[in-house]
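K.L.:
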Amino acid sequence: MSWLTQAAKGIKALTSQKKDIPDNLWRKCPNCSEVLYHRELDRNLWVCGSCGHHLPFTTEQFIALLIDEGTWEETHTGITSVDALDFKDSKRYKDRIKASRQKTGKEDAVICGRGAIGRVPVSMSIMDFSFMGGSMGSVVGEKISRALLDSLRYREAAVILSRSGGARMQESLLSLMQMAKTSSVLARLRSEGIPFISILTHPTTGGVTASYSMLGDINVAEPGALIGFAGPRVIKQTIGGDLPEGFQSSEFLLEKGQVDIIAERRELKATLERALNWFVEGRDVSIRRPPRG
Amino acid sequence: MDWKKKALWLDFELPLVELEERIQTLQDSADVRGMDVQEEVARLRAKAEKLGREIFEKLEPWQRVQLARHPRRPTTVDLIGYIFTDFQELHGDRMFRDDPAIVGGMATLGERKIMLIGHQKGRDTKSNIKRNFGMAHPEGYRKALRLMEMAARFERPVVTFIDTPGAYPGLGAEERGQAEAIARNLREMAALPVPIVVVVTGEGGSGGALALGVGDRIYMLENSIYSVISPEGCAAILWRDGAKSKEAAKAMKLTSADARRLGVIDGVIKEPIGGAHRDHEGMAASIQGQIQDALAELEQLPVNDLLDRRLQKFLDMGDFEDAGRS
Ligand SMILES: [Zn+2]
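Below, the structure written as structure tokens:
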């Protein structure tokens, strides 16, 4: 099956999931203010038909879009936060976690699993911005590290889709160390010749950008995503002025040499398939062991 | 010590400083007039010691933050002078420029030749502007990596000193890939085939600190701090009020004792009573001893073991519940 028909199938599977959307549900495009009906947004993969703005996609939508039908198996579930710092600001961290779980139905801000993209097996992690701003604490770091270790164990490509405000402040030093932890595993993938594709979506900032998100053999960004280390507000404060138009956008990062590819959502699976296909050998889609020096 | 510049002392250490000033004055006048003041000096000394203990044994986290940022605290360059010999600074990332917020170079520690890299703050306005308050740009991290890679090629261990409020959040830094520069250091330090000893000497601020912080042994000076964001930044985001930084400092568990309890560091290096800034040389001697002990141990390990243990060290960091394993 070609990647084109695969992609078409994926998109069909995606749109057929939500037949029961009422006709009258709509929202305004945050970019161009066009009125967008959910039914039409679903067909368009939540991309504004008028200006091309990419609206947030759920984790389930990304799985349906990117992973070959029937191949996804979620891994590393049951890992949850414990509030090691007994952290409290205006609210207790424990309560924030509880509220986020109830709101999202997720255990934390990342879902991991194994599946295939265009028949190439991958271990994939998908971050979820709706869970505490997609922030990385101990759970996110642990799950992503385990998913990367799966890539090592099964010799299959690693893919991480990021969207995150950065490190989870309520876990302070422990969350900071997750940057080192995940990057340390990536060092192993690199020496073992396992490819890693990083997908950066809106927004990817802070400690997540400054660890695995920028470390892909290939960095792929969705159009118009905010990607940066420091947040725009902090930079504005530092320089005491406005930021240039398009600063820290995907397009800006491409121009500055930080990402390889900008792929529209409709093209994302095909782009990943093309890339993954380059790394694997022949029909058995395996990743060759690196030549030993 | 320069007693005159009161502005350079913190409020809570002033009583101690003033007492010491009295002792000094008393001794000076005795020298001039030939008076016998020994008894009085001894009395005041004992008082000062007791006062020092009282103040410094129950410091609030925010006071530690102030000590970690103390304008008199020994900087990387100060410490290099006491700890190493034959230091030769090396400049530049070979791509864009030299970043004065990070210093690095070849050094000798006893019999060992090592590579030393550390954040560098200034001590006054002029030097702080030159050093950008110890906040590095991408080229600083890239210089650090260049030096570490050279150390690895010649099988020299790496020692890093961490003392930064954080990576610089500016236009040029973002344009030149601040995130990538930090991330790359994390990954490459994880795989560097020589021992790495990390010492947090002052402020360990966020990713900009961690970019020199992946190693086989990690130590913190007693009054240094290590956190994911500055207390001010945390307060601004979580309390929506930058003035709540004292509360944030407490909540963030950023002291050396906290870091030890959280399993992030291998040990705390005691500071002289009154803080590292009261005795640079004494502080440096303790750091030197700790680095030598660590290197002596690490040198025994074959490279593969060294790297496996380094990976495992970081894999073990984090706290969570695992339904599948309990
Ligand atoms: Zn639009």
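Protein chains in written order, with the working numbering: chain P, 718 to 1010; chain L, 1403 to 1728.
Even glycine gets a Cβ: it sits at the ideal position worked out from N, Cα and C.
It should be emphasised that the depicted structure is a prediction, and the values quoted were computed from it without experimental measurement.
1. If we cut at 8 Å on Cβ distances, does P/V827 have a partner in chain L?
2. So is P/L721 buried or exposed if we call it buried at 16+ other beta carbons inside 10 Å?
3. According to DSSP, is L/F1722 part of a helix, a strand, or is it coil?
4. What separation, rounded to the nearest whole angstrom, lies between the Cα atoms of L/I1457 and L/E1415?
5. Classify L/Q1522: buried if its beta carbon has 16 or more other beta carbons within 10 angstroms, exposed otherwise.
6. Quick one: list the residues of chain L neighbouring P/E859, beta-carbon separation under 9 Å, in chain order.
7. So L/S1629 contacts chain P; which residues on that side make the cut at Cβ distance below 8 Å?
8. Determine the direct distance from the alpha carbon of P/K898 to that of L/L1717, and round the result to whole angstroms.
9. In whole angstroms, what separates the C-alpha of L/G1524 from that of L/I1482?
10. Between the segment 1495 to 1502 of chain L and the segment 1469 to 1481 of chain L, do at least 3 Cβ pairs fall closer than 8 Å?
11. I need the DSSP call for P/N748, collapsed to helix, strand or coil.
12. Which of helix, strand or coil does DSSP assign to L/L1612?
13. With a threshold of 8 Å between beta carbons, is P/R905 in contact with chain L?
14. Helix, strand or coil for P/M718 per DSSP?
15. State the start and end residues of the unbroken alpha helix (DSSP H) segment that holds P/V902.
16. Helix, strand or coil: how does DSSP classify P/A992 here?
17. Does the beta carbon of L/I1639 sit closer than 8 Å to a beta carbon anywhere in chain P?
18. Any beta carbon of chain L sitting closer than 8 Å to that of P/T821?
19. Return yes when the C-beta of P/N741 is under 7 Å from any heavy atom of ligand 1, and no when it is not.
20. Rounded C-beta distance between P/N748 and P/C765? I'm assuming under 8 Å.
21. Would L/C1636 and L/A1659 qualify as a contact pair, given that the criterion is a beta-carbon distance under 8 Å?
22. In angstroms, rounded to a whole number, what distance separates the CA positions of L/G1536 and L/I1504?
23. In chain order, which beta strand (DSSP E) runs of at least 3 residues are fully inside the segment 906 to 964 of chain P?
24. Flag this pair as yes or no: are the beta carbons of P/D660 and P/A826 separated by less than 8 Å?
25. DSSP puts L/L1481 in a beta bridge; with which residues?
26. Could you check whether L/G1617 and L/V1602 sit closer than 8 Å to each other, using their CB atoms as the reference points?
27. For a test of the three-state rule: what should DSSP assign to L/R1475, helix, strand or coil?
28. DSSP on L/R1578, reduced to helix/strand/coil?
29. Is it right to say L/N1706 is buried, meaning 16 or more other beta carbons lie within 10 angstroms of its own, or is it exposed?
P.N.:
Per the coordinate set shown:
1. Working through the first sequence from its first residue, we reach residue 827 of chain P at position 110. Cβ-Cβ to chain L under 8 Å: no for P/V827.
2. The residue you call residue 721 of chain P lines up with position 4 of the first sequence. With a pLDDT of only 48 at P/L721, under 50, the local geometry of the prediction cannot be trusted, and the value read off the model is given with reservation. P/L721 should be labelled exposed.
3. Within the second sequence, the letter at position 320 stands for residue 1722 of chain L. Note: L/F1722 maps to strand in three-state DSSP.
4. Residue numbering aside, residue 1457 of chain L sits at position 55 when the second sequence is read from its first letter. Residue numbering aside, residue 1415 of chain L sits at position 13 when the second sequence is read from its first letter. Taking the straight line joining both Cα atoms gives about 7 Å.
5. Start at 1 with the first residue of the second sequence, and residue 1522 of chain L comes out as number 120. Buried, by the Cβ-count rule.
6. Mapped onto the first sequence, residue 859 of chain P falls at position 142. Within chain L, the residues near P/E859 are L1717, G1720, F1722 and D1724.
7. Looking up residue 1629 of chain L in the second sequence gives position 227. Under the 8 Å cutoff, chain P gives S889, L890 and L893.
8. To locate residue 1717 of chain L, count along the second sequence from 1; it is residue 315. To locate residue 898 of chain P, count along the first sequence from 1; it is residue 181. The alpha-carbon atoms of L/L1717 and P/K898 are separated by roughly 6 Å.
9. Position 122 of the second sequence, counting from 1, holds the residue named residue 1524 of chain L. Position 80 of the second sequence, counting from 1, holds the residue named residue 1482 of chain L. Those two C-alpha atoms are separated by around 15 Å.
10. no
11. Position 31 of the first sequence, counted from the first residue, corresponds to residue 748 of chain P. In the structure shown, P/N748 sits in coil (DSSP, three-state: anything other than H, G, I, E or B).
12. Here residue 1612 of chain L corresponds to residue number 210 of the second sequence, with the count starting at 1. If DSSP states are grouped into helix, strand and coil, L/L1612 belongs with the helices.
13. Translated into the one-based positions of the first sequence, residue 905 of chain P becomes position 188. Closer than 8 Å to some Cβ of chain L, the Cβ of P/R905 qualifies, so yes.
14. In the first sequence, counting from the first residue as 1, residue 718 of chain P sits at position 1. Low per-residue confidence applies at P/M718: pLDDT is 43, beneath 50, and the placement is therefore not dependable, though the value from the model is reported in the following sentence. Here P/M718 sits in coil by DSSP.
15. Within the first sequence, the letter at position 185 stands for residue 902 of chain P. Residues S889 to S908.
16. For the purposes of this step, residue 992 of chain P is taken as the residue at position 275 of the first sequence. Looking at P/A992 - three-state DSSP - the assignment turns out to be helix.
17. Here residue 1639 of chain L refers to the residue found at position 237 of the second sequence. Closer than 8 Å to some Cβ of chain P, the Cβ of L/I1639 qualifies, so yes.
18. Mapped onto the first sequence, residue 821 of chain P falls at position 104. No, because no Cβ of chain L sits closer than 8 Å to the Cβ of P/T821.
19. As a position in the first sequence, residue 741 of chain P is number 24, starting the count at 1. Flag unset: Cβ of P/N741 not near ligand 1.
20. Here residue 748 of chain P refers to the residue found at position 31 when the first sequence is read from its first residue. Here residue 765 of chain P refers to the residue found at position 48 when the first sequence is read from its first residue. So it is a contact: roughly 6 Å between Cβ atoms.
21. As a position in the second sequence, residue 1636 of chain L is number 234, starting the count at 1. As a position in the second sequence, residue 1659 of chain L is number 257, starting the count at 1. No, Cβ-Cβ distance for L/C1636 and L/A1659 is not below 8 Å.
22. Residue 1536 of chain L sits at position 134 when you count from the first residue of the second sequence. Residue 1504 of chain L sits at position 102 when you count from the first residue of the second sequence. If you take the alpha carbons of L/G1536 and L/I1504, they lie about 7 Å apart.
23. 913 to 922 and 935 to 938
24. With chain P running from 718 to 1010 in the structure shown, residue 660 of chain P is simply not present.
25. As a first step, residue 1481 of chain L must be located in the second sequence, where it is residue number 79. The partner list for L/L1481 (beta bridge, DSSP) is empty, contrary to what the question assumes.
26. Taking the first residue of the second sequence as position 1, residue 1602 of chain L is located at position 200. Taking the first residue of the second sequence as position 1, residue 1617 of chain L is located at position 215. In this structure, L/G1617 does not lie closer than 8 Å to L/V1602 by Cβ.
27. Here residue 1475 of chain L refers to the residue found at position 73 when the second sequence is read from its first residue. If DSSP states are grouped into helix, strand and coil, L/R1475 belongs with coil.
28. Locating residue 1578 of chain L in the second sequence gives position 176, counting from the first residue. Three-state result, L/R1578: coil.
29. As a working note, residue 1706 of chain L is residue 304 in the second sequence. Looking at its Cβ environment, which holds fewer than 16 other Cβ atoms inside 10 Å, L/N1706 is exposed.
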